[in-house]
Every structure is written in structure tokens, then in C-alpha cells.
DNA sequence: ATGAAAGCGCTAACAC
DNA sequence: GTGTTAGCGCTTTCAT
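Protein chains in written order, with this note's numbering: chain A, 1 to 331; chain B, 1 to 331.
Okay, structure coming up:
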């Protein structure tokens, strides 16, 4: 490249005005067929790529949606991100991922960096604790979708599920299966702890004798933490017969540690994970886990944002997509 | 928000010209201290976020670098992406991830979508086969870094390693350890197959009796494919005593399948992975694998691009960062 | 050290 | 259906 082509160059080469070039590219229906063909031929021949920066500035529409993920992106959100990306691409929008890496004041800085690009909407994933950030996001006046959680008072829209109810469901399941000395292996993020809370609540309702011990590990959770976590739990509570792990990676670690110790799963120890990552079904024993429909979250979030950007109203701005307990061999 | 604030609003509120506001924000040294404080106070108070779209358009510098990843992003590139993101953020650049999701003509469309935003540079990860895309990228005239591979004639700059040599090293290692009936479990992407080629080449040099069978599986590779792959290999070649898997996920599947079949690792079967993902060290037995320094790739790529964008020359535009064979218990 | 003028490349709004 | 004009919000450039 010597100097990037502009729409004016194309216009000159095609012998038309630059407005016609713009229309031929962006609103082909509003141009006669002959014109369209002539212009697009020049575009193809020159390899012209329109400058979206300029277009965005003028039209105040960036065709860009930002997703803000927790500092360390594990495999957990992958399904959602892929669906989000695809659904947006199909509608002519691009996804921009904001990922931290901004030092100690990360959250505010990250949001600032994202808002500078003037995205048409933002998808949040359990970040944004700081009231400062929330205020700033609100005053940006763009559609926001919060995900992976449920609250009565979202910033704007929400597509999620109840983490408490997940804990309750797993607890009831283990109780029904006859386990009686449960323990929890839990990431230290807010949502994971909400699951633990639900679990304990249900345990009380069911009249479980012991209060389940909770072993907290720093997120993002790893297999190694699962192994060490089970070891620690068994040290302190040797009679433990069931472990609910707030991620499949933790559960895999627990499975491996149990096997190393000669503990039979599920007979001597029940293991339940969360996420239903692609390896869960193929483990030995296959992992019983909680499935979250990340694809649906991503698609719905995309839909909500695009609808709002394009002036359609969103029927159900707070959507609980639930979850499902996938019963396999480990519990 | 009613209407987003502009630099002019801030200028009016601070009683200065908009140029002074711009300087106070972007080149604080070029403004007197009193001025700077006055302006930044207004900025803070109003929550003003500058419009990077406008700035990019005028200055022809987006402070944006794009990374183009294969359609399905596994955990493999995570380390690199994180390092890239962080290194860019520290230098005041933002990372934008391009991810496919654009239908059958994905590659060209993805590149087009990325180039429309006029990024200052592009980091490629083993995508971009189409000559069309390569031509278009070249004519965009921006710095490009290819990664995760080695070639004598890169598009522009390159930070990678030799996939052939990885195959050779693993083969030699297994030979030294006394294994004699090797097999390969290999993703169907180009780079994985390059590793297989290196492996077979070394096997020949070492005078290995059998030519190692290769079982190909579609990328991105999964644990389930590892299990099924080992089953298939053992069916066809019951005497197999060593498997080189071109990803740690495949290796994990092989480990699980071996254990299910009562095959002792490493005594009856050696297993080698690739990637050294965070779970590799904690498996039972711990996984022998090939480590690639994703952090270094990401940091170097960021450095190269920023250096070029800011007019500094890059000393060693083709950099082989090598790899290391991490010897653990599985082989 | 600060300000005024001009313009980046595109599209909204309006003419014809 | 096509063209003209103006301006999005910022920064470059030049003047003071």
C-alpha cells in the first residue's frame, strides 16, 4: 500500500459520485443494477476495503458490540463467546472482546478502553463490581446485557440463571442419591459462592446432619486445585462422601485425586461438576455435571442488543434460561 | 445519556480551547500544570470518555491491533492471547480478536471485517491459506506477525518454531527411552501434520523397523477423540507401545482410555502431549509434553508490531523461539 | 503554552 | 436513482 484507497477513488474510477459508491456497497437495493455492477466491479478489482472508522463516526453506529470477560478467560465462556460472535456476525456486527490486562485498576480502565471505541452495545459477564464502572456504563446510554447470573435489578437487560438454584438442585440430587456427608469445592468468585449458598440452604431444608464444609480456591479454577482441594477436604473431613465442584476442571482434579487414592467414584465418593465442558462426558467415570446453555446465552444477548440498536423493543429483557443437571456416572 | 459529551463540551466547561483539552488528555507534558489540573478535573467530574473513533480517523492511528485466530479457539492459544493483550495494553494499544463465524467464505470475510477497522497491525495464527487473503493483507500495508510456525518466506514478520523439529525431538526421545512401536494421534491441521512428518523422518533416520501409523482427527482436538483414537490405533496395531499426541487434550483422552483398558503408563504405553496446558503437570501419571512459550510469542509479537507502528526498526523479524520437551511420568 | 483553522473518510439529509 | 452539501469529533498544522 502506498496510500489506502478511499471511496472517492472508487467513485472517480467508476465515473460516479462517492455517494453512489457508498450506496452500492451498503444499500445495494437503492441503486440501479447497472450502476451497482459497475461500482462493485471497480471495488473488486481494486480490492477496496471501506474505512469503518469513518463510517462509524459519521453515522454514530459502529456495528460493534463489546463483550467484557473476567480477567482470565477459561474454557467456561467459550461456548457463549462463540455463539455471540456468530450471531452478531450474521447480523453484520462485529464482536470486540475486552479482557483485562490493565493493571490493578483493571476494571475501570478496561471499561474506559472499551467505551472509547463507542460500541453499539455491551455484554457483561460477571465483572463490573465497582459502582464507578456501573455509573459510567449507564451514562454511556447504550444497551447492556448482563449474563451468567440473575438479579432483580439489572443494569439494563439480562440473560442468565440462578446460581443459588443450581446449588439447591445439586444438593437435592445428592441427597436423593443417598449421600450424606457433602462438601463443596468452590471458586472464590461471587457466582460460585452463590452456588455454595444455595447448596447449604437446601441442605438445611433437607435436614442434613452436617453443615457441608466449603473449600475455597482462587478463580480461575484448575485441575491442580481440584486435586489439592479434595486432599484438604478429606484431611479435615475424612467421612466426606460427595463433592460438588463449581467447575468441571475442579471436578476432573477431584476425579484424578480420588483415583490416585483408590477411592471408588461414585460408590465411595460422588463428584458433581459445573459447565459440562466437552471433556465431561468422556471422563472415566463420566462426569455428572450442571449444563448451562452458553449458546443460548450468546444468541439471546446478541439478539437483544441488535434489536435495541435497531429500534425494536425487547419483549423480555430479563430472561432466566435455567440449567440442567446432566446425570452421568460420577454421582 | 442524552448525548455523549465531546471534547468541545469539556473545553467550554473548563474555559479553554478544545485543543488544550486534547493535549491535557493525550500529551499532558505539553500543557502547563495549572491547565492540566483544571481540564482533568472537568474530565473526571463529567465522566468524559474521548471518542477514539474520531481520533483514529484524524490521526490515522487506531491504537488497535487485530489477532486472527482459527475458527475454533481452544485453550492452546490462550496463553499467547493473554500475553499479547497485556503487552499491547501496557503500550496503550487495544487487542481486537477476529474469530470466524462468517460462514463458508469465512477466511476472506473475516479478514475483510478486520481490515475495515483499520488496525495498526495484525497477528496471525496459522490461518490465512487463501492467496486472495494474503494479497489483500499485504496491500493493506500494515505490520503483520505470523506465529506458531516457521517459514523462510513469511508475509512480513514471524515469531514461531519448527513443527517438524518438534516431531523429530519427540521421536528421538521415545527412541532413547526404549520404545519401539510408536503411533501418532494427530489433528488434521497443517501444523500438526508437519509434526507428524518430522516424527516419521526421525524414525527413519533412527532405523526404526515399523513406520509409525498416523491416526488423524479433525481439529480442534478433544478428549473424546483421544479415547477413540487410542482405541482405533490399538485395534489396528495391538503392539503399539508409544503414542505422540499433537495436543494435550488428545493425550488426556489417551491416558484415560489406557487406564480404562488396564494399560500401564508409561510401562506398557508411553504418552506424549503437546502444549503443556495447565492440567498437564497434575495428571496421574503427570504428562510428558512439549512446551511452547505462548507468553513469549505474544509479548514478542506485540513488541514487533508496536515498534514498527512507532517507526522503530525490528532487528530480527524472523524469530525462532524453539520449544522444550518437558519430561514427566507418562513417557 | 495555547488557540484557530482545516480536514481525516464517510454518510445523513436534502435536492434534483 | 443519483448528486451535492455539510459535518461526525477529533488531531494536525500553523500561528501567536
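Heads up, the beta-carbon is just placed ideally off N, CA and C, and yes, glycines get one too.
In angstroms, rounded to a whole number, what distance separates the CA positions of residue i and residue j?
i                      : j                      : result
residue 80 of chain A  : residue 294 of chain B : 24 Å
residue 88 of chain A  : residue 65 of chain A  : 8 Å
residue 189 of chain A : residue 213 of chain A : 17 Å
residue 283 of chain A : residue 256 of chain B : 7 Å
residue 169 of chain B : residue 243 of chain B : 14 Å
residue 4 of chain B   : residue 68 of chain A  : 21 Å
residue 82 of chain A  : residue 98 of chain B  : 11 Å
residue 161 of chain A : residue 250 of chain B : 32 Å
residue 110 of chain B : residue 94 of chain A  : 10 Å
residue 180 of chain B : residue 270 of chain B : 10 Å
residue 8 of chain A   : residue 16 of chain A  : 9 Å
residue 126 of chain A : residue 263 of chain B : 43 Å
residue 37 of chain B  : residue 43 of chain B  : 10 Å
residue 285 of chain B : residue 326 of chain B : 13 Å
residue 235 of chain A : residue 201 of chain A : 25 Å
residue 129 of chain A : residue 305 of chain A : 22 Å
residue 25 of chain B  : residue 115 of chain A : 16 Å
residue 331 of chain B : residue 240 of chain B : 13 Å
residue 145 of chain A : residue 123 of chain A : 5 Å
residue 54 of chain B  : residue 55 of chain A  : 10 Å
residue 62 of chain B  : residue 31 of chain A  : 32 Å
residue 303 of chain B : residue 96 of chain A  : 22 Å
residue 193 of chain A : residue 226 of chain A : 16 Å
Relative to the alpha-carbon of residue i, which residue among the options has its alpha-carbon at the smallest distance?
i                      : options                    : result
residue 118 of chain A : B/283, B/270, B/51         : B/51
residue 206 of chain A : A/173, A/234, A/306        : A/173
residue 85 of chain B  : A/113, A/76, A/23, A/77    : A/113
residue 265 of chain B : B/15, B/171, B/253         : B/253
residue 184 of chain B : B/232, B/33, B/259, B/7    : B/232
residue 20 of chain A  : A/39, A/317, A/296, A/203  : A/39
residue 220 of chain A : A/186, A/235, A/132        : A/186
residue 152 of chain A : A/320, A/92, A/211         : A/320
residue 322 of chain B : B/328, B/159, B/331, B/222 : B/159
residue 197 of chain A : A/63, A/164, A/305, A/277  : A/164
residue 290 of chain B : B/25, B/60, B/76, B/18     : B/76
residue 59 of chain B  : B/192, B/91, B/240, B/120  : B/120
residue 45 of chain B  : A/182, A/136, A/143, A/171 : A/136
Taking only three categories from DSSP, how would you classify residue i?
i                      : result
residue 182 of chain B : strand
residue 87 of chain B  : helix
residue 161 of chain B : coil
residue 195 of chain A : helix
residue 320 of chain B : strand
residue 279 of chain A : coil
residue 402 of chain B : With chain B running from 1 to 331 in the structure shown, residue 402 of chain B is simply not present.
residue 327 of chain B : coil
residue 297 of chain A : helix
residue 204 of chain B : helix
residue 92 of chain A  : coil
residue 48 of chain B  : coil
residue 67 of chain B  : strand
residue 7 of chain B   : helix
residue 214 of chain A : strand
residue 125 of chain A : strand
residue 228 of chain A : helix
residue 16 of chain B  : coil
residue 264 of chain B : coil
Check the Cβ of residue i against every Cβ in chain B and list those closer than 9 Å, keeping chain order.
i                      : result
residue 260 of chain A : 284
residue 222 of chain A : 278, 279, 282
residue 27 of chain A  : None at all; the shortest Cβ gap to chain B is about 17 Å.
Name the chain A residues that come within less than 7 Å of residue i, Cβ to Cβ?
i                      : result
residue 253 of chain B : 282
residue 339 of chain B : It is not possible to answer for residue 339 of chain B, since the shown part of chain B is limited to 1 through 331.
residue 94 of chain B  : 113
Counting only Cβ pairs nearer than 9 Å, list the residues of chain A close to residue i.
i                     : result
residue 70 of chain B : Those do not exist, as residue 70 of chain B stays about 12 Å from chain A at its closest Cβ, beyond 9 Å.
Interface residues of chain B around residue i at Cβ under 7 Å?
i                      : result
residue 119 of chain A : Residues of chain B passing the Cβ test: none, with the nearest at roughly 10 Å.
residue 115 of chain A : 49
What in chain B is Cβ-close to residue i, meaning under 8 Å?
i                      : result
residue 112 of chain A : 49
Check whether the Cβ of residue i lies closer than 7 Å to any heavy atom of the ligand NAD, and answer yes or no.
i                     : result
residue 61 of chain B : Absent from the structure shown: the ligand NAD. Ligands present: none.
For residue i, which residues in chain A fall below 8 Å Cβ to Cβ?
i                      : result
residue 256 of chain B : 282, 283, 284
residue 62 of chain B  : 53
Chain B contacts from the region 42 to 57 of chain A (Cβ-Cβ distance under 8 Å): Listed by position along the chain: 47, 49, 50, 51, 52, 53, 54, 56, 57.
Near-chain A residues of the region 126 to 141 of chain B - C-beta to any C-beta below 7 Å: For the region 126 to 141 of chain B, the set of positions with a beta-carbon nearer than 7 Å to some beta-carbon of chain A reads 136, 139, 140, 141 in chain order.
Contact residues within the region 211 to 239 of chain A, judged by C-beta distance below 7 Å to chain B: Look at the region 211 to 239 of chain A: the residues with a C-beta under 7 Å from a C-beta of chain B are 222, 223, 224, 227.
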